[in-house]
Structure formats: C-alpha cells, structure tokens
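Peer 1: Before I ask anything, here is the structure I am working with.
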Amino acid sequence: MTFFFALLMAIINGVGITCGVHRLFTHKSYKVITPVKIFLLVSFTSAGQNSVYQWIRDHRLHHKFSDTDADPHNARRGLFFSHIGWLMTYKNDEVIKNGLKIDMSDIESDKVIMFFHRYSLLLNTIFCFLLPTLTNVLVWEENWKCAVAWQCFIRFLFAFHCELSVNSFAHLYGYTPYNRNILPKQNLYVAATTLGEGWHNYHHVFPFDYKAAEFFDSFNFSASLIKWWEQRGWAYDLKEATPEIVDAFVKRMGDGEKRTEN
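According to the UniProt record's numbering, the sequence shown is numbered sequentially starting from 1.
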C-alpha cells in the first residue's frame, strides 16, 4: 500500500498542476464550481511547488516570451537550465522587468487563490509532506523512516521532475506539426508522465484549449478528467480550438510531421 499511496499522491499532484494551476488558473481554458476549485488548489499545494501566484505569473511570462531572455526557464540556455537550473539561480533582469508587467489582476482579486498564496509555505508543509507521511504511518502502519522516504523524497521528487520535464524535454525533443518556428515540441514520453502535458507544440500555439492537445488520447488523463467534470456539471465553458483553425495553422506553419501519438 505504501507504493500505491505514493503513486496516488503523485497523480493528485499532477492533477493539481495540469488541471488546476495550469489549464484553469493560468490559461482560463475552462471554469469549475467552487468545491472543484478548492480541490485543485489543495492538490496543487500537495505538490510542494512555488506559491500558486508565483507559478501562474511565471507561466504566463513563459508563454509571452517563450525561449527568450525574458522566459524564466529559457530552453535556449540548455537542458539543465530549463529543467532545474532556473530554480537554482536568481532571475535575470529581463525576467524580473517583464514579470512585473504580467496582468495578475484576475488572480489578485480571487480571495481563495490569494489565501493559498499567502499561506503557501505552511500549506505546502501540511499537504505535501506532513499529511501524506502521517497517513503512511497511521493508516498503512508504515515505519517513520520508510514513510518519510516515500513521501518526502521518492514521491515528491518523482512528481517534481515530471513537471519540470515539460519545460526542458518538451522544448528540446520531439516534433513540431503545428508551428515549426518555435521550440516547444510534441513529446509522447513527457505526455505519459505528466497526465497529458507533453503535446507542447500544440499547447503553445493554442494555449486556451482545455485539452492542451488537439486530440483525446490515452495519455491525456487531465483532459478526460475535465470532460468528466463537465458531464457532471462540475466544470463548464470548456474552450477548444476549432478543427478549421487547427488545420489552417498546420498547413501554414507545421513541419509536416504527424499530429498525434496514440
């Protein structure tokens, strides 16, 4: 049960990032009822990332200035920097200057999101490390050393590096059927480990699409989950790029490679 609970926590972390802070809060690609919103915020917090406000600001900046000096994790600076090096150094002047210009008024006016931002350190400690470790010990009757190893190191680091792979591997390895002139790529392996975030060339061309991909496929769990929420009335106003717009863009800008992996 220790392994399966760690896997479940990693999936919850992924849902909080992909369905929550990424597709919902950053790109506004769909809307949800309040209980789902809170679930997604808790799920994101359980991943132990930066505060939700910082994550959204940096990601909006990334899309606006992708792979330039104003991109927090500019892939042109190499695999290591775009993966984790950008978190190990100070932001450069271009990132700071342009980050201050990003419109965050929608986030700043949201009391629930700002609560999670203000208390991010405390909430991260509770939901990412304390509660999962205690669950291992008190529910699964695991010893403390094993519980800490699985939840604070193995699960946390696995989910963390899966997320970071979108910034690194999905910007450097893959194909570009939607826009051959940008770095973001279609990467099956990243999609498989991030609940569907690896179809990155499509996402950078159509960031408003709730699927972050053109097609539903076996690796896009996040899109299927959002669609399932919609069927139950928990999500609504799902945004998609029309087939006509996608086809036109592919013919004009694509590299001629296949458009999906299944």
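Here a beta-carbon is modelled for each residue, glycine too, at the ideal position from N, C-alpha and C.
Got a sec? Which residues, its chain only, sit under 6 Å from G174 by beta carbon, not counting five neighbours each side?
Peer 2: Once the five neighbours on either side are set aside, the close Cβ partners of G174 are K185, Q186 and N187.
Peer 1: Which residues in the same chain as D67 place their Cβ atom closer than 6 Å to its Cβ, once the five residues preceding and following it in sequence are excluded?
Peer 2: So the qualifying residues of the chain are N74, A75, R76 and L183.
Peer 1: For the structure I just gave you, are there three or more beta carbon pairs, one from the region 126-135 and one from the region 87-95, closer than 8 Å?
Peer 2: The region 126-135 vs the region 87-95: no contact.
Peer 1: Rounded to whole angstroms, what's the CA-CA distance from G254 to E244? Just pull it up for me.
Peer 2: When rounded, the distance between both Cα atoms is 14 Å.
Peer 1: W199 bridges to which residues according to DSSP?
Peer 2: Partner(s): Q186.
Peer 1: Considering S51, what are the terminal residues of the alpha helix (DSSP H) in which it resides?
Peer 2: First-last for S51: undefined, no H or E at that position.
Peer 1: Pick out whichever of K251, P177 and Q54 has its Cα sitting closest to the Cα of E257.
Peer 2: Considering only alpha carbons, the answer is P177.
Peer 1: Please go through the same chain and pick out, in chain order, the residues whose beta-carbon is closer than 8 Å to the beta-carbon of L79, but skip the five residues on each side of it.
Peer 2: Correct list, in chain order: S168, F169 and L172.
Peer 1: Per DSSP, which one or two residues make a beta bridge with A235?
Peer 2: According to DSSP, which records beta bridges pairwise, A235 is partnered with V32.
Peer 1: Mark E261 as exposed unless 16 or more other C-beta atoms lie within 10 angstroms of its C-beta, in which case mark it buried.
Peer 2: Model confidence at E261 stands at a pLDDT of 48, short of 50, so the residue's coordinates are unreliable; what they give is reported in the following sentence. Burial call: buried.
Peer 1: Tell me the rounded alpha-carbon separation between R23 and Y30.
Peer 2: About 8 Å.
Peer 1: Please list the terminal residues of the continuous alpha helix (DSSP H) segment that includes W14.
Peer 2: In the sequence on display, residue 14 carries Gly and not Trp. G14 -> alpha helix (DSSP H) spans T2 to V15.
Peer 1: For I154, I'd like the list of residues in its chain whose CB is within less than 7 Å of its CB, leaving aside the five on either flank, ordered along the chain.
Peer 2: Result list for I154: A6, in chain order.
Peer 1: Closest to I12 by CA distance: which of I33, L41, F25 and L138 is it?
Peer 2: It is L41 whose Cα lies nearest to the Cα of I12.
Peer 1: Taking E230 as the reference, which of R57, Y210, E214 and N220 has the closest Cα?
Peer 2: Closest option to E230, Cα to Cα, is Y210.
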